[in-house]
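Okay, so here's the structure we're looking at.
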Amino acid sequence: MSSKLSKYLPCSYVKKQFEKIAFFHSKWINANEIDKLHLWFFKALGYFKKVYSFNDDYEISICVFDSVNDAQEAINRRLSETALVIPYADEQEALIICFSPALNTKNNDQNRMIRQFLHEICHIATSIEKGYTRELGNKENCLPTWLDEAIAEYYSSIVFDNTNKINDSIEYYKINDIPLDVDNLFDSYLTPKIKDINEYKYVLGMVSYYIRQNNVSVWKFEKTINELIRKFT
Ligand SMILES: [Zn+2]
């Protein structure tokens, strides 16, 4: 593991390696929970690979926290215990942070976690495809957050067969004319603000619509992305 990743990990945490996927976790977390999370992550990656290519040499580390404070200290950010965050990703390696199912009981839900992990894998794929380094707090060369989130949501929904959500949001985009402040759609939890949930639906619909219109099956859609960014800058 590189020093870029290790700076986000508490030194007291232990490591469990599953082939290319390394889990770092508090020693107080039950081993079964880590095995369970690994299985779900592995399933999510499998779903992704059925549809898109993903380099098998890519190194993914996952840090499972059992304390919101520890995680906040590690990434120097406010977090809720429902959060999944990628503090670092480049073209070779990535780190994902999540919370133990004991701390956040929602993380006991297999479908939810596979869905969430898929969303994060889509973020990693975007970093790889666009050739940029994703690092918390550094927006240089990155896509705007609203676009990055909509792309991850679009592709993870398609892979996980949740096309209803995408179709609904496209309909919503088509029939509504919402004045947008898209840069403010996401707060520091990196999740949509509740009051802006309709704007988020609108943005997801718009990005999905553009991706479909251009018949883009992978992330290589520079023209579409530039068009979308121009709309809001
Ligand atoms: Zn996201």
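Going from the sequence shown to our numbering is simple: count from 1 and add 743. Heads up, the beta-carbon is just placed ideally off N, CA and C, and yes, glycines get one too. Nothing here was measured: the structure is a model prediction, and the numbers come from that model.
Could you compute how far the alpha carbon of Asp920 sits from the alpha carbon of Asn798? Distance between the alpha carbons of Asp920 and Asn798: 40 Å.
Phe903 in three-state terms, based on DSSP: Of the three classes helix, strand and coil, the one that applies to Phe903 here is coil, per DSSP.
When the distance is taken between beta carbons, is Tyr945 closer than 8 Å to Tyr898? Not in contact: Tyr898 and Tyr945 (Cβ atoms no closer than 8 Å).
Go through the stretch 819 to 876 residue by residue and report every complete run of the beta strand (DSSP E) that reaches 3 residues or more, in order. Taking 3 residues as the shortest admissible run, the stretch 819 to 876 contains the following complete beta strand (DSSP E) segments, listed from N- to C-terminal end: 828 to 832, 836 to 842.
Beta carbon of Ile831, beta carbon of Tyr751: below 8 Å? The amino acid at residue 831 is misidentified as Ile; the sequence shows Tyr. In this structure, Tyr831 places its C-beta atom within 8 Å of the C-beta atom of Tyr751.
With DSSP as the reference, identify every bridge partner of Ile803, one or two as the case may be. Under DSSP, Ile803 takes part in a beta bridge, and its partners are Ile764, Ala837.
Within the same chain, show all residues whose beta-carbon is closer than 7 Å to that of Phe784, passing over the 5 residues directly before and after it, in chain order. Once the five neighbours on either side are set aside, the close Cβ partners of Phe784 are Ile764, Ile805, Phe860.
Say yes only if the C-beta of Ala895 is nearer than 7 Å to one or more non-hydrogen atoms of ligand 1, and no if none qualify. A distance criterion of 7 Å places the beta-carbon of Ala895 in contact range of ligand 1, judged by its closest non-hydrogen atom.
Hey, Ile909 and Ile901 are a contact pair by Cβ (cut 8 Å); roughly how many whole angstroms apart? Your pair Ile909 and Ile901 checks out as a contact, with CB atoms roughly 7 Å apart and the cut at 8 Å.
Let's see if you can read the secondary structure: which residues bound the alpha helix (DSSP H) around Trp771? Counting along the chain, no alpha helix (DSSP H) covers Trp771, and no H or E run does either.
Drop a sphere of 10 angstroms on the beta-carbon of Val794, count the other beta-carbons inside from all chains shown, and report buried for 16 or more, exposed for fewer. Its Cβ having fewer than 16 others within 10 Å, Val794 is exposed.
Inter-residue CB distance, Ile864 and Phe791 (contact presumed, cutoff 8 Å): Between the beta-carbon of Ile864 and that of Phe791 there is about 5 Å, and that keeps the pair under the 8 Å contact cut.
Glu836 Cβ short of 7 Å to ligand 1 heavy atom set: The answer is no for Glu836.
Please state whether DSSP places Lys750 in a helix, a strand or coil. Correct three-state label for Lys750: coil.
Through-space distance from Gln956 to His768, alpha-carbon basis: Straight-line spacing of the CA atoms in His768 and Gln956 works out to 43 Å.
Which residues in the same chain have their Cβ closer than 8 Å to the Cβ of Ile772, if we skip the five residues on either side of it in sequence? Closer than 8 Å at the Cβ level, and outside the excluded window around Ile772, lie Val807, Asp809, Ser843, Ala845.
Measure the C-alpha to C-alpha separation of Val950 and Ala814 and round it to an integer number of angstroms. C-alpha of Val950 to C-alpha of Ala814: approximately 32 Å in a straight line.
Helix or strand or just coil, what does DSSP make of Glu878? In the structure shown, Glu878 sits in a strand (DSSP, three-state: E or B).
Can you tell me where the alpha helix (DSSP H) holding Glu942 begins and where it ends? Glu942 -> alpha helix (DSSP H) spans 940 to 956.
Cβ-Cβ separation, Ala787 to Ile857 (assumed contact under 8 Å), whole Å: At roughly 5 Å, the Cβ-Cβ gap stays under 8 Å, so Ile857 and Ala787 are in contact.
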